[in-house]
Amino acid sequence: MSSIADAVAKTAEQNGFQLLSSQPLTEIDGTAHVMTHTASGARLLYLRNDDENKAFSISFKTPAADDTGVFHILEHSVLCGSDKFPVKEPFVNLLKSSMQTFLNAMTFPDKTMYPVASTNEQDLENLMDVYLDAVFHPLIYQKPTIFQQEGWHLEVRPLEDEPLEEAAGDARAGLAYNGVVFNEMKGALSDPDSVLYDALSAALFPDTTYRFESGGVPESIVDLTYEQFLDNHRRHYRPDNSYIVLYGNLDLERFLGFINRNYLAPLAAQSAASAPNPLQLQAPVRALGVRKPMATAPENAACAAAFVAGTAHDRRRVLACDILLDAIIGSNESPMKRALLDAQLADDAGAFLADAMAQPFAVIQLKGLRPGKTVEDLHALVQKEAQRLAGGGLDRELVRAALSHAEFVMRERNFGYPDGVLLSMSALSGWLYNEADAISYLRYDEDFAALKQALDEGYFEQLLRELVLENPHMATVELVPQEQPEDGKLKAALAQMADTMSEDELAEVERQEAELRAAQDQPDSPEVLASLPTLSRNDIKAMPAEPPCAMADNTPIPCLRHTIPTRGIVFAYRYFDLSRLSFEELPYATILAMVLGKLDTAQRTAAELDTLAQSKLGNLAFFTEVHEDALERTSYTAKFVVSVSCLSENIDCAAELPDEILLESNFHDYGKIRDILNQKRVTIEQGCTNAGHSAAMARVASYYLPAAVVREQMGGMDFYFFLKDLIEHFDERKEALAERLQEVAKRLFTRDGCIVSFTGSDEDFQRFWAMGPALKLANSAVAARLIAAKPTPKNEAFIVPSDVSYTAMGYDRRLFDGPFTGVWMLVSRILCYDYLWNEVRVKGGAYGAGFQMTRPGSMRFYSYRDPHIDETIARFEGSGEWLSAFAPAADEMTGYVVSTVAGIDTPLKPREMMRRQDAQFFQHLDKELRERIRSEVINATPEAVRDLGPALTRATDHRMICTVGSKELIETSAEPFTVIDLFNSGN
């Protein structure tokens with residue numbers, strides 16, 4: 001044992017733990033130490049490296065035994081107060097007051113995870129303390145209202161044309177279910193992908209936990225009793241069923257001692273509850289031709305074939321299956337996807353590996369299944385193509401490219417989470433099922449090396465045979481759209497319940513609801529709030545240094561040079577000026593971005609391009625974006641962006657391949673272009689159903705902001721209407737489309753209209769320019785012609801197949817207020833985690849709500865998976881009055897300041913830092929802005945916050961509103977919306 005391992009073993013033993021293993025882990029530039037807590041049986045993994053963004057997580061094995069979503073409701077509920085911290089919403093209080101860089105909780109099919117991260121060690125200890133007390137000592141045993149709020153409860157609702165006050169206690173009154181998780185899952189299960197996945201999982205695993213929806217099915221959620229809820233907590237939230245991860249550069253003795261002394265040692269002395277739910281393996285089954293009805297639009301017809309890949313213990317095989325799927329179905333030119341698209345079975349085809357479970361499985365899916373086509377057609381074609389590929393038709397260069405790309409992605413490790421949180425999640429992909437696999441999903445160097453060698457030995461051909469052709473464990477499922485409302489059974493049951501209830505029983509429902517509302521309205525006392533650990537303004541460190549960024553000297557094209565450590569990765573962005581296009585031409589820029597890289601060029605086929613990009617580049621992407629001017633509200637900068645990243649040794653490809661695609665693409669492959677257009681339509685439609693708040697926020701901004709009008713033309717509702725019309729008339733317009741794309745490309749892709757942004761070493765910078773990137777582009781002075789349509793308030797409601805709504809309200813602060821200050825950042829946090837959290841989420845039952853203020857000036861409210869529209873709008877409108885009366889205690893105000901500054905200082909990955917600096921450049925934001933705003937946050941007072949209340953009222957008085965969601969909610973709203981059935985509109 002090394003001296004480091006000896007020291008760790010000694011520290012572990014002194015604090016109640018036993019060190020089981022210590023191993024170097026080059027993938028994290030550190031060491032992995034696996035331990036167990038001697039007295040309680042808790043497991044602990046310490047991932048030691050020099051990362052200052054430290055992390056802690058505790059997870060529990062929680063296999064569902066039904067569809068009630070009990071573990072999802074528990075995930076929410078334990079964060080609603082604990083013995084040591086009896087505040088109503090400690091989770092929200094931490095969001096308000098800590099330096100967290102990540103704070104959340106997550107329910108998976110077989111586990112529940114509570115991760116936190118912070119750059120401040122005291123803050124991490126505070127977060128860990130609150131989370132440990134929450135999971136082991138929650139207030140759910142003393143407060144049934146927590147279960148009612150987060151899970152479900154009954155409410156008295158008036159019958160049509162009857163005031164609510166007259167409905168209470170009336171035997172003729174109606175009933176309704178409400179609850180945060182109940183409403184969240186109504187929204188989640190409006191997603192065809194989620195419903196299809198659940199049906200596949202149930203077909204593959206009819207005898208194990210994976211046949212259940214761990215998040216909960218609404219009609220089953222309401223069957224969950226309070227007693228069952230508590231029993232599941234007792235049996236599962238216990239040390240011997242827990243998995244703890246510590247990560248980063250932290251004081252191990254301090255953290256082990258704290259965990260042992262305050263939680264694990266005392267809990268070990270308690271008598272154990274009965275056993276947790278079992279997590280078993282499913283014996284092979286073949287379930288073919290399963291039909292799953294769903295109330296959704298006909299366009300959402302879909303089907304899939306799923307194949308169990310093995311067990312989580314075989315990490316290398318699981319990784320190989322993921323790589324194989326990417327190679328054969330990862331892009332339009334991958335052989336199996338091309339076969340599926342050419343067969344015209346559906347609008348789109350794709351594949352993914354469902355992992356982080358005991359028996360990972362591969363899914364091959366069709367979206368937008370066409371009339372007359374069935375899951376049997378999919379299965380037959382998959383079998384036929386797999387037979388061809390496994391029999392010698394598999395191009396090993398495709399697999400080699402997929403291997404290279406997977407390795408790049410693992411090394412970049414840019415998945416939107418702090419590394420410590422991501423690694424905690426990855427560790428559980430093996431550790432949860434086998435004590436020996438605590439770090440098997442953190443290692444990948446050896447696996448990639450072995451797979452590269454096995455590639456030329458026929459390994460992947462044999463894997464394809466075993467996975468698809470010879471697999472005894474598989475299922476095929478077809479999602480069948482129907483018109484009957486998804487919640488019809490619930491409504492019928494509620495109607496019957498209301499009809500049979502006596503006046504006394506209805507009065508009891510009303511009493512319980514009133515009790516819940518009273519609990520929600522009761523503020524935490526100063527004494528209770530004082531129980532939470534806090535930081536002071538003195539804990540705020542100096543602002544992290546901003547990496548240098550400036551225009552480079554002596555480059556043939558203007559270049560924004562970033563100096564950001566990237567560990568051998570190069571990032572290069574080309575920004576082309578979209579002002580050379582007219583407003584009416586902007587949709588074609590988006591179409592151009594969609595097709596580039598997916599069509600033949602003069603030198604290579606689309607398949608060859610795809611293989612080359614996969615093998616040599618980390619990413620190659622084309623997209624459009626708009627930057628609002630920070631000083632002038634009517635000004636903006638619209639760009640066509642070409643993004644590329646690679647390892648240093650492949651910089652020649654990063655410099656040269658984009659030019660080939662930009663200048664030599666063939667726009668006359670109409671079949672491939674049609675496929676791409678249909679795929680984009682499906683993506684937009686599902687996005688509106690699953691994340692309608694994004695669409696509503698973008699749309700409402702177009703009512704008042706010129707830059708947002710341009711965004712809508714290139715990617716919002718206006719673009720969607722353009723796209724649908726183009727698809728419907730494709731055959732008659734395809735030749736004109738090819739000519740238009742060629743013309744747009746010629747006008748856009750010029751040297752004088754380009755700015756390059758580069759991140760990488762000095763040596764890579766010199767090598768990049770030596771390759772002559774963009775020097776093949778012509779110089780072509782083209783006059784600016786982009787004049788956006790004038791913003792017009794429309795107040796639209798877009799009907800999509802969903803049981804919930806997403807509502808946005810917005811306005812431009814610059815129309816009546818002064819310059820942006822740091823106080824607005826405080827206001828955003830205060831509204832999100834106090835007023836809107838309590839009013840829209842807690843009381844209204846929405847899954848989420850928020851307020852955003854951009855630095856240029858756009859302010860927007862939004863709700864997410866919301867059972868209301870009018871009530872939510874009223875709450876948005878009440879925000880100004882509430883803010884004007886904001887009177888926080890000193891500690892509360894300090895918490896807002898500390899947490900807001902921490903948000904400003906959050907560490908960024910190299911790509912995100914580069915993009916932030918690019919945006920500041922195009923928005924004409926001065927380099928001192930962040931420091932000035934940060935200082936304004938630190939020095940802000942409650943008076944300064946209150947002074948912005950009237951600005952909110954003035955904004956909401958303009959009543960610029962957009963909603964996306966349920967037909968029933970929209971049609972019963974009193975708002976005078978212009979109603980558009982999105983999928984069936986002829987706009």
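Going by full-length UniProt numbering, the sequence shown opens with residue 1, and the numbers climb by one from there.
All residues carry an ideal CB built from backbone N, CA and C; glycine is no exception.
Check: So, is A402 buried or exposed, given that buried needs 16 or more other C-beta atoms within 10 angstroms?
Finding: buried
Check: In or out: E470 buried (at least 16 other Cβ within 10 Å) or exposed?
Finding: exposed
Check: What's the call for E446, buried or exposed, on a 16-neighbour Cβ count within 10 Å?
Finding: exposed
Item checked: Whole-angstrom distance between Q512 and V375, CA atom to CA atom -> 48 Å
Item checked: As assigned by DSSP and simplified to three states, the class of D817 -> coil
Item checked: Delimiting residues of the beta strand (DSSP E) encompassing T978 -> T978 to D981
Next item on the list: Would you mind reading off the limits of the beta strand (DSSP E) that contains Q482?
Entry: M474 to Q482
Checklist line | Which of helix, strand or coil DSSP assigns to C303 | finding: strand
Next item on the list: Give me the Cα-Cα distance between K96 and K790, rounded to the nearest whole angstrom.
Entry: So the alpha carbons of these two residues sit roughly 38 Å apart.
Next item on the list: Return the chain-ordered ranges of every beta strand (DSSP E) run that is complete within the stretch 542-614 and spans a minimum of 3 residues.
Entry: 549-551, 559-562 and 569-577
Checklist line | Which of helix, strand or coil DSSP assigns to I676 | finding: Here DSSP, grouped into helix, strand and coil, assigns I676 to helix.
Item checked: Runs of alpha helix (DSSP H) lying entirely within the stretch 619-690, each at least 4 residues, in chain order -> Scanning the stretch 619-690 for uninterrupted alpha helix (DSSP H) segments of 4 residues or longer gives 651-664 and 670-690, listed from N- to C-terminal end.
Item checked: V70 beta carbon less than 8 Å from that of Q228 -> yes
Item checked: Neighbourhood of D718 by C-beta, 6 Å cutoff - its chain only, sequence neighbours within 5 removed -> E712
Checklist line | Close Cβ partners of R681 (< 6 Å) along its chain, the five nearest in sequence each way excluded | finding: L723
Next item on the list: Please name the residue or residues paired with E728 in a DSSP beta bridge.
Entry: E728 is not bridged to any residue.
Next item on the list: Let me know the secondary structure DSSP gives V827 once reduced to three states.
Entry: helix
Notebook entry, point to check: Does the Cβ-Cβ distance between H72 and G216 come in under 8 Å?
Noted result: Yes, they are a contact pair.
Checklist line | Secondary structure of G30, DSSP reduced to three states | finding: strand
Next item on the list: Indicate the three-state DSSP secondary structure (helix, strand or coil) for I244 in the structure shown.
Entry: strand
Notebook entry, point to check: By a C-beta neighbour count over all protein chains shown, 10 Å radius and 16 as the cutoff for buried, is E166 buried or exposed?
Noted result: Reliability fails at E166, whose pLDDT of 40 lies under 50, so the model's placement of it is uncertain and the value that follows must be treated cautiously. It counts as exposed.
Notebook entry, point to check: What's the gap between the Cα of C653 and the Cα of A339?
Noted result: 28 Å
Margin query: Suppose contacts are defined by Cβ-Cβ distances below 8 Å. Is T107 in contact with S118 by that definition?
Written below: no
Next item on the list: Report the partner residues of I755 according to the DSSP bridge assignment.
Entry: Y575
Next item on the list: Answer with buried or exposed for S973, where buried requires no fewer than 16 other C-beta atoms within 10 angstroms of its C-beta.
Entry: buried
Check: Where does Y864 sit, in a helix, a strand or coil, going by DSSP?
Finding: In this structure, DSSP gives Y864 an extended state, which the three-state scheme calls strand.
Note to self: Quick check on the burial criterion: 16 or more other C-beta atoms within 10 angstroms. Buried or exposed for E928?
What the structure shows: exposed
Notebook entry, point to check: By DSSP, does P138 sit in helix, in strand, or in coil?
Noted result: Strand.
Note to self: Let me check understanding here. Comparing Cα to Cα, which of G618, M771, V318 and P856 lies closest to L631?
What the structure shows: P856
Item checked: Cβ pair count under 8 Å reaching 3, the stretch 880-891 against the stretch 816-834 -> yes
Margin query: Can you tell me which residues form a DSSP beta bridge with H153?
Written below: DSSP lists N178 as partners of H153.
Next item on the list: Sort out for me which residues DSSP pairs D348 with in a bridge.
Entry: K367
Next item on the list: Return yes when the Cβ of H668 is within less than 8 Å of the Cβ of A738, no when it is not.
Entry: yes
Margin query: Tell me which residues share the same chain as E764 and place their Cβ nearer than 8 Å to its Cβ, disregarding the 5 neighbours each side in the sequence.
Written below: For the record, residue 764 in the displayed sequence is Asp; it is not Glu. Only residues of its own chain outside the window of five on either side were considered, and among them V570, S648 and I651 have a CB closer than 8 Å to the CB of D764, listed in chain order.
Next item on the list: Kindly say whether A630, judged by its beta-carbon, lies nearer than 8 Å to any beta-carbon of chain D.
Entry: As a matter of chain content, chain D is missing from the structure shown, which is built from one protein chain.
Item checked: S780 to F749 span [Cα, whole Å] -> 9 Å
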